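Undergrad:
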Amino acid sequence: MSSTPDTHETATFTGAALALGDDALILSHRLGEWAGSAPVLEEEVALANIALDLLGQARILLSLVGDEDELAYLREERSFRNVQLAEQPNGDFAHTIARQLYFSTYQHLLYGRLASGDGPFAGLAAKAVKEVAYHRDHAEHWTLRLGDGTTESHERMQRACDALWRYTGELFQPVEGLDVDHAAMESAWLASMTDILGKATLTVPSGPRTGAWAAGAGRQGLHTESFGRMIAEMQHLHRSHPGATW
Amino acid sequence: MTSDGWPLWEVFVRSRRGLSHTHAGSLHAPDAEMALRNARDLYTRRSEGVSIWVVPSTEITASSPDEKDPFFEPAADKPYRHPTFYDIPEGVKHL
Amino acid sequence: MTAVTADTAGTTGVSGVSDAAVAAEQAAYETVFDAAVAAEERIEPRDWMPEAYRASLVRQIAQHAHSEIIGMQPEANWITRAPSLRRKAILMAKVQDEAGHGLYLYSAAETLGTSRDELLDKLHSGRQKYSSIFNYPTLTWADVGAIGWLVDGAAITNQVPICRCSYGPYARAMVRVCKEESFHQRQGFEALLALSQGTEAQHAMAQDAVDRWWWPSLMMFGPPDDESTHTAQAMAWKIKRHTNDELRQRFVDIAVPQAEALGLTLPDPDLRWNEERGHYDFGAIDWTEFWDVLKGNGPCNDQRLSKRRQAHEDGAWVREAAAAHAKKHQHTGKHGEAQA
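Chains as they are written, first to last, in the working numbering: chain A, 1 to 246; chain H, 1001 to 1095; chain P, 2001 to 2340.
(1) DSSP three-state label for residue 228 (chain A), please.
(2) Just checking, does the region 136 to 156 of chain A make contact with the region 2313 to 2331 of chain P on the three C-beta pairs under 8 Å criterion?
(3) Could you compute how far the alpha carbon of residue 2056 (chain P) sits from the alpha carbon of residue 2239 (chain P)?
(4) Residue 2287 (chain P): buried (16+ other C-beta within 10 angstroms of its C-beta) or exposed?
(5) At what residues does the beta strand (DSSP E) containing residue 1053 (chain H) begin and finish?
(6) With a cut-off of 8 Å, does the C-beta of residue 42 (chain A) fall near any C-beta of chain H?
(7) Going by CA-CA distance only, name the one from A:227, A:80, A:41 and A:161 that's closest to residue 16 (chain A).
(8) Cβ of residue 246 (chain A) within 8 Å of Cβ of residue 2212 (chain P)?
(9) Between residue 191 (chain A) and residue 125 (chain A), what straight-line distance do the alpha-carbon atoms span, to the nearest angstrom?
(10) Select from A:195, A:212, A:216 and A:237 the residue whose C-alpha is nearest the C-alpha of residue 102 (chain A).
(11) So, at 7 Å on beta carbons, what are the nonlocal neighbours of residue 2169 (chain P) in its own chain, with the 5 sequence-adjacent residues on each side left out?
(12) Assess contact between the region 1025 to 1040 of chain H and the region 1006 to 1016 of chain H, defined as three or more Cβ pairs (one per stretch) separated by less than 8 Å. Is contact present?
(13) Are the CB atoms of residue 2077 (chain P) and residue 2300 (chain P) within a distance shorter than 8 Å?
(14) Is residue 1016 (chain H) near the ligand MN, going by C-beta to nearest heavy atom under 7 Å?
(15) Can you tell me which of P:2171, P:2150 and P:2151 puts its alpha carbon nearest to the alpha carbon of residue 2160 (chain P)?
(16) Just reading off the beta strand (DSSP E) that residue 947 (chain H) is part of, what are its end residues?
(17) Going by DSSP in three states, residue 1068 (chain H) sits in which element: helix, strand or coil?
(18) List the endpoints of the continuous beta strand (DSSP E) containing residue 2280 (chain P).
(19) Measuring only the C-alpha atoms, how far is residue 2327 (chain P) from residue 156 (chain A)?
(20) Spell out whether any CB of chain H is found under 8 Å from the CB atom of residue 2322 (chain P).
(21) Any C-beta of chain A sitting closer than 8 Å to the C-beta of residue 1070 (chain H)?
(22) Strictly below 7 Å CB to CB, what residues from chain H border residue 2325 (chain P)?
(23) When you compare only the Cα positions, how much space is there between residue 1017 (chain H) and residue 1055 (chain H)?
(24) Per DSSP, residue 1027 (chain H) forms a beta bridge with which residues?
(25) Could you check what DSSP says for residue 2077 (chain P) in three-state terms: helix, strand or coil?
(26) Quick one: what does DSSP say residue 2272 (chain P) is sitting in, helix, strand or coil?
(27) Using a 10 Å radius around the Cβ and a threshold of 16 neighbouring Cβ atoms, would you call residue 2273 (chain P) buried or exposed?
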C-alpha cells in the first residue's frame, strides 16, 4: 500500500471489498461441498445455483482489490475477513438452510441498502441483490417446510437455528467502508427472523448472538477451528504449484 | 407417480415475450411453490425463459395423440397394463 | 397381473372379446408401430408400443440417468480443490448440469410408466447399471480435464445420434443434454491444454491422466458388435443409430488429432492412420477389465454406490418433511394465512 493521501480510503475500500468478497467466497465453497449429496436431485441444482451466484459475486469483489486467485489461494487464515457464520460446516440439511436463512437475509438487507446508495459497491449490489433475493426466498421456503413438516424435521431445524444463532451478532458489526446503518439493518433482520421462524412454528433462539471473546471474530481475521481445515483443502493444489497457471 | 410423496409436475416455459408457454419437461416437487422454484433452477438456468407455469401432471387431461389414426387408441393411458408397473421380487423369472 | 381387478374390467381381454381377436388387434398395432418407426416418426408416451420396446427404453434411459448422477461424484471430488476460481465456477456449473441432465432423463423414463423412486431403488440395489467409467477414481486435478475431454467426448459421440431416437421424450431430452454439454468437452480440453503447456509437473499430471482414462473411455462404447446383446434390436427400433464399434471408431478418429493438438500421447503403440480404411487403427481393448469392472470389481464401484445410497438415506427426512408440509397446507396454498 503506497503512502498517497488516499491511503486510508484505499485501505477502507479494500477491507470492505474483502469482507463482502470473502463472505461470498467461503459460503460458496461450503455449498459446493454438497455436490452429489443433496437430499433430492432438484436440490442439487438449487444449491449449486446459489453457490455459483456467490462465487460470481466473490470473483467481482476480489478482483476490485487484487488478483482473485492470489487473494483466494495465497492468503493465510488470519487474513480472511468473512463472518464466522459463512464458514460454519454444512452439518445436516437443516444446518445448511439455517445458515443460508441467516446469511441471505442479512446479505439481502445489506445489498439492498448498498444498491440504493452512491458508494463504490452500488452497481455491484444492484445486480447481486436480485440473486440474493432468490437465495433468501429459497431458504425461507425450506425453513417453512422443515420447521412445519414432520416432528423430526422440526427438531432438526430448531437445533440448527439454535446452534448458529451465536454467529449472527457479527453480521451487524459495522464494517468501515460500508455506508449503511447497521443497527437499523439488525432490527429489520430480527423482525424478519421473528416473522419467518414464527410461520415455520419455530422458536426464535434466545441465546447470545455473539461469542464471549474480546479478540473479535471473522471480520478481525479470527475464525473457527474448522475454517483452517477448509482453506487448507481449498488452497493446497494451487499452493503446490507456485506460479503455475491453470 | 411420486417421489417420496412428491408429485410430478409438468413445466411450461415462455422463452421470450411474444411467444406462448411451451412444454419444457417435468420435475418432482412437494407443492406448487417449490415446483416453480425447481423449474426456474432446472429449466431456465441458462436464461431460457421469462415466465414459467407448473401444472400437476395428474391435472392434465389428454386427447388421443392423433385422432385420425386408430393406432393411437388410448390404451396406453393405463400404466397397469404394462409389466413395468409391477414390483416383482428379485430373482423371480419368466414373468 | 392378477393383482389388478376392478380396473381391468373395461379392458379388451376381460370384456368378452376372444383371444384371437386380441391377438389380431395386437398384430395390427405392431404393424402400425413398425411402419411409424420405419417412417422416422416419433413414438410418444401414449402411443401403443411393444412391451419389449418399452422395457428396452426404460433400461437404457435409466442407465443413462443413473450415469449422470453417479458421474457427479468423480468430478465433485475436485470442486473444493479447484486450483483457480474460474476453474471452480466451471466445474460447479458442470456438475450442476449433470444433476439437471439426470432430471431430464428420469423425466423421460417416467413417461414410460415407471417412477423415479422405482428407478433410484433399482440403482441403489444394484439391479440397474450406470456407465462403468465412473468406477474409476479421479486422483489428480488433470483427471477433471481428462473426463471432460475423453469421457464427455465419448458420451457426446454416443448421445448425438440419440437426438434422433424413435422415442420422442428421450430424443427431446437428449437434444437438451447435447446442447448443454457442448461446453463440457471444451472446458476439459482447455483445462488439459493449460496443464500440457504449463510447468513440467503440470504436463506430467496431464499425461498421467490421459494414460489412465484413454482405455476406459474406449470401453464406454460397450462390448464389440459381435458380443453386444442389445444392439441389433435397438437399431431396428431406431433407439440406437450406430453400432458400438462404429461409434468407437468415430471417437478414436476425432480424438487422435486432438491429442496431437494438446501435445499429449495416447497410450497405444498400435495407434496409426490406415490409409486404406480411412480410419485410425488402434490396439486391442482389455475386455477382461471391462467385464470385471461391470461386475462390480472396479476401483470405485462400492464407493460410488454407497455414497449415492447414503445421500438418499440422509435426505429421506427432508423429502418427508416437505411432503408432510404440503399435505398440511394443501388447502390454503399460501403460508401464514389462516386455514379456512
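Just so you know, even glycine gets a beta-carbon here, dropped at the ideal spot from N, CA and C.
Model, not experiment: these values are computed from the prediction.
TA: Walking through what the data contain:
(1) helix
(2) yes
(3) 9 Å
(4) exposed
(5) 1051 to 1056
(6) yes
(7) A:80
(8) no
(9) 23 Å
(10) A:195
(11) 2045, 2108 and 2111
(12) yes
(13) no
(14) Annotation note on the ligand MN: not contained in the displayed structure, which lists no ligands.
(15) P:2171
(16) As shown, chain H starts at 1001 and ends at 1095. That puts residue 947 (chain H) outside it, with no answer to give.
(17) Residue confidence is low: residue 1068 (chain H) scores 37 on pLDDT, short of 50, so the model does not pin down where it sits. Its coordinate-derived value is still stated next. Residue 1068 (chain H) falls in the coil class under three-state DSSP.
(18) 2279 to 2281
(19) 20 Å
(20) yes
(21) Residue confidence for residue 1070 (chain H) is low, a pLDDT of 40 falling below 50, so the modelled location carries little weight; the figure read from the coordinates is stated next. No, residue 1070 (chain H) lies away from the interface with chain A (no Cβ there is under 8 Å from its Cβ).
(22) 1030
(23) 21 Å
(24) H:1009
(25) coil
(26) strand
(27) exposed
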